[in-house]
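Working notes, structure below.
Number of protein chains: 2
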Amino acid sequence: MSKHRPTIADIARRAGVSKVAVSYALNDRPGVSPATRASIKAIAEEIGWRPNSAARALTRARADTVGLALSRPARMLGVEPFFMELISGIESELSARGCALLLQVVTDPAQELEMYHRWWGEGRVDGVFLADVRSPDPRIEGVAELGMPAVVIGHPSAAGSLTPVWSDDSAALRDTLTYLAALGHRRVARVAGLPELAHTRLRDRAQREISAELGLDEPVVVHTDYSGEEGAHATRRLISSAARPTAVIYDNDIMAVAGLSVAQEMGLDVPADLSLVAWDDSQLSRVVRPPLTALSRDIPAYGTHAARTLLAMVADGSAPGFEDAAARLVPRGSTAPPR
Amino acid sequence: MSKHRPTIADIARRAGVSKVAVSYALNDRPGVSPATRASIKAIAEEIGWRPNSAARALTRARADTVGLALSRPARMLGVEPFFMELISGIESELSARGCALLLQVVTDPAQELEMYHRWWGEGRVDGVFLADVRSPDPRIEGVAELGMPAVVIGHPSAAGSLTPVWSDDSAALRDTLTYLAALGHRRVARVAGLPELAHTRLRDRAQREISAELGLDEPVVVHTDYSGEEGAHATRRLISSAARPTAVIYDNDIMAVAGLSVAQEMGLDVPADLSLVAWDDSQLSRVVRPPLTALSRDIPAYGTHAARTLLAMVADGSAPGFEDAAARLVPRGSTAPPR
DNA sequence: CACGGGCACTTACCCGGTTCAGTAACTCCG
DNA sequence: CGGAGTTACTGAACCGGGTAAGTGCCCGTG
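If you're matching them up, the sequences are chains A and B in order.
When we follow this note's numbering, the leftmost residue of the first sequence carries the number 5, and every step to the right adds one.
When we follow this note's numbering, the leftmost residue of the second sequence carries the number 5, and every step to the right adds one.
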């Protein structure tokens, strides 16, 4: 067997036609007789021909690849199931359309933007996803300037001129606070994520407004880096504070689990003494005791929608944003009326 | 500003030389005077030129990309921090060498092999990683046949003719069992992962052999799908069995946490009534009460070594395998002498 | 039976960067 | 001062596909 991958020239030689005829035949374009087309396809199949993606990218100016750079420290990435689930959802849509995902883990947003410059300049990708949007976020303007198709995974208010795919955190928070208020809670605190992230700020504001509306106390919000350690620390502080909250909402599940452990360790009964809600549901929420009441959403579907939107942008030059379903509150054993 | 990305022809025109001179200048190859080289580089910098990766791949027959396809169901992926940490480690090495990572989540190994066929046939990747090796695993032979550089993330015994990068699970298990034996445990069970995975089998065998050596009881091993649910279920069964184990080793941390919850729910005191050990450490192990004794390893470093090995294979055609450090036992509050 | 038109296929050239084989001009040396 | 060797650079071809613009050939038709 020859050591080189077969090309259309090889097929053309075998079929006794020009390589143009082969190209037409394989791309199902008119200009070849059915008989020739069939024989060309048979030969292609037989020698295991695949179109060289580089050659194709060169003429079509399409890479059939989209990029995702994540700017979180490595230790943070393992922690949250969110990204893996998002990626698997993105993938399922991409692979169905023969598109690949280029992934890069970087340490900061500046480096991420530089990555996008490189990818775009090198023609490696047709578009990118932007996650973990900050406010303000230099990536937004940077990517917009490049004219590269991009989908922001986050609220429109933070997406600038780019196309957003988002879910309504405010509605989810309203459900949760309404539920907690109905149970009789008045002091609902929140252990939030990184304060520089746009969605953290949006949640902060929504919580203040909705709390006021519902007649709850002004909420105490503690910002963390999403790690279990900081979640535990924040919980300890909240429990020890003068106006101890009767319910706490955590911006991810690892912090909620950490909070649960801390509360139990400090002799509190969950949910009688303290109710806990985890934002984003995972197996973790279900395996601890009591199981955690959680804000559940279909993250793979979220990724799928983002991918679909990005592919539409690449194909048509633009695409409408997409609002995904809001997270759904799943009450479990960690919430109850306060004592 | 022109709508097209600048090419070396643009630079050549501006510099008043041929595009060949530009190519030589930009690649630091002899054949251009220092003055010309400098001016060409300045122009390239000024107009923001980047080499088109497709064009480059076409001539050099190098994609500067390696692939990783993961064949686990989506819901499984989010659960384990392992892959995200591995990927971030792989990335850090790749990006330092200007290489990209193509990621694909597929549903089964057959599809994964098909993916590798496609990638290789299309010239999209220079090599791939193989994770979650089964025994037997059709991917091993399939990839070997293609002649595609590949690194197996797993034990040499399962890697066939491919190059392995692995860590010694047997040594880690020996440390753990020796430690538990020293504490006085005799019935040490294990809640293991998928039985079809080669490393699960290796651990199973090692556990039997080492247990016998140390004079422990023949170990009970329950296989699961790595999910918290099955971990909880397995733990319930073990606790309810006639010969209840006094210590349990879990093949991942989510199952260990699930097991901890189940044990506590069933009224057992951890560690007095039941000692627990988690294989692979994460934040999770530290935030629960008691914190879990864990087999800790530097997973990003593992990924880095795998990437380094693969890049060496791509460059030189072959590379020696690499044995990474074995997991280190980190004793925490979940292990103690049996009552 | 000449002519328009469609079919099946080819020739020629492009994409963007690399490589090989020149070719002038300039330097060195006997 | 002629020939060898070096330097700085260029033209043409190539990688593996794609597209635009032909070119014969057969067919139907007025």
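For glycine and all other residues, C-beta sits at the position ideal for the given N, C-alpha and C.
Here the structure is a predicted model, which is why all the values come from computation and not from measurement.
Residue from the options with nearest C-alpha to residue i
| i | options | result |
| --- | --- | --- |
| residue 230(B) | 156(B), 18(B), 284(B), 48(B) | 284(B) |
| residue 158(A) | 180(A), 309(A), 315(A) | 309(A) |
| residue 324(A) | 31(A), 260(A), 316(A) | 316(A) |
| residue 80(B) | 233(B), 269(B), 297(B) | 233(B) |
| residue 274(A) | 18(A), 228(A), 292(A), 175(A) | 292(A) |
| residue 277(A) | 288(A), 294(A), 290(A) | 294(A) |
| residue 114(B) | 140(B), 102(B), 13(B), 59(B) | 140(B) |
| residue 148(A) | 132(A), 156(A), 166(A) | 166(A) |
| residue 224(B) | 235(B), 208(B), 237(B), 236(B) | 208(B) |
| residue 142(A) | 123(A), 125(A), 122(A), 163(A) | 163(A) |
| residue 236(B) | 246(B), 222(B), 254(B), 22(B) | 254(B) |
| residue 11(B) | 52(B), 260(B), 305(B) | 52(B) |
| residue 305(B) | 151(B), 206(B), 87(B), 66(B) | 87(B) |
| residue 243(B) | 286(B), 46(B), 222(B), 268(B) | 268(B) |
| residue 424(A) | 259(A), 168(A), 122(A), 18(A) | The displayed coordinates of chain A run from 5 to 343. Any statement about residue 424(A) would go beyond what the structure contains. |
CB contact flag (residue i, residue j, <8 Å)
| i | j | result |
| --- | --- | --- |
| residue 264(B) | residue 211(B) | no |
| residue 127(A) | residue 27(B) | no |
| residue 204(A) | residue 299(A) | no |
| residue 239(A) | residue 281(A) | no |
| residue 3(A) | residue 257(A) | Residue numbering for chain A in the displayed model covers 5 to 343; residue 3(A) lies beyond these limits and cannot be assessed. |
| residue 153(B) | residue 130(B) | yes |
| residue 134(A) | residue 109(A) | no |
| residue 161(A) | residue 307(A) | no |
| residue 327(A) | residue 170(A) | yes |
| residue 288(B) | residue 261(B) | yes |
| residue 62(B) | residue 59(A) | yes |
| residue 50(B) | residue 303(B) | no |
Exposure label - residue i; buried when at least 16 CB within 10 Å
| i | result |
| --- | --- |
| residue 82(B) | buried |
| residue 189(B) | buried |
| residue 76(A) | buried |
| residue 8(B) | exposed |
| residue 341(A) | exposed |
| residue 38(A) | exposed |
| residue 270(A) | exposed |
| residue 146(A) | buried |
| residue 5(A) | At residue 5(A) the pLDDT is 41, less than 50, meaning the model places this residue with poor confidence and gives no usable figure here. |
| residue 112(A) | exposed |
| residue 138(B) | buried |
| residue 290(A) | buried |
| residue 215(B) | buried |
| residue 85(A) | buried |
| residue 219(B) | exposed |
| residue 100(B) | exposed |
| residue 116(A) | buried |
| residue 156(A) | buried |
| residue 46(A) | exposed |
| residue 33(A) | exposed |
Cβ neighbours of residue i in the same chain (closer than 8 Å, five flanking residues each side left out)
| i | result |
| --- | --- |
| residue 183(A) | 333, 335, 339 |
| residue 279(A) | 184, 187, 189, 250, 251, 252, 297, 338, 339, 340, 342 |
| residue 119(B) | 71, 73, 108, 110 |
| residue 241(A) | 226 |
| residue 245(A) | 224 |
| residue 222(B) | 212, 215, 216 |
Cβ neighbours of residue i in the same chain (closer than 7 Å, five flanking residues each side left out)
| i | result |
| --- | --- |
| residue 95(B) | 105 |
| residue 48(A) | 15, 30 |
| residue 54(A) | none |
| residue 330(B) | 171, 172, 175, 176 |
| residue 103(A) | 68, 69, 70, 315 |
Residues near residue i in its chain [Cβ-Cβ closer than 6 Å; skip 5 each side]
| i | result |
| --- | --- |
| residue 64(B) | none |
| residue 97(A) | 308, 311, 312 |
| residue 36(A) | 25, 28, 29 |
| residue 13(B) | 23 |
| residue 40(A) | none |
- [ ] May I ask you to verify whether the region 243-254 of chain B touches the region 179-195 of chain B, counting CB pairs closer than 8 Å and requiring at least 3?
- [x] Yes, the region 243-254 of chain B touches the region 179-195 of chain B.
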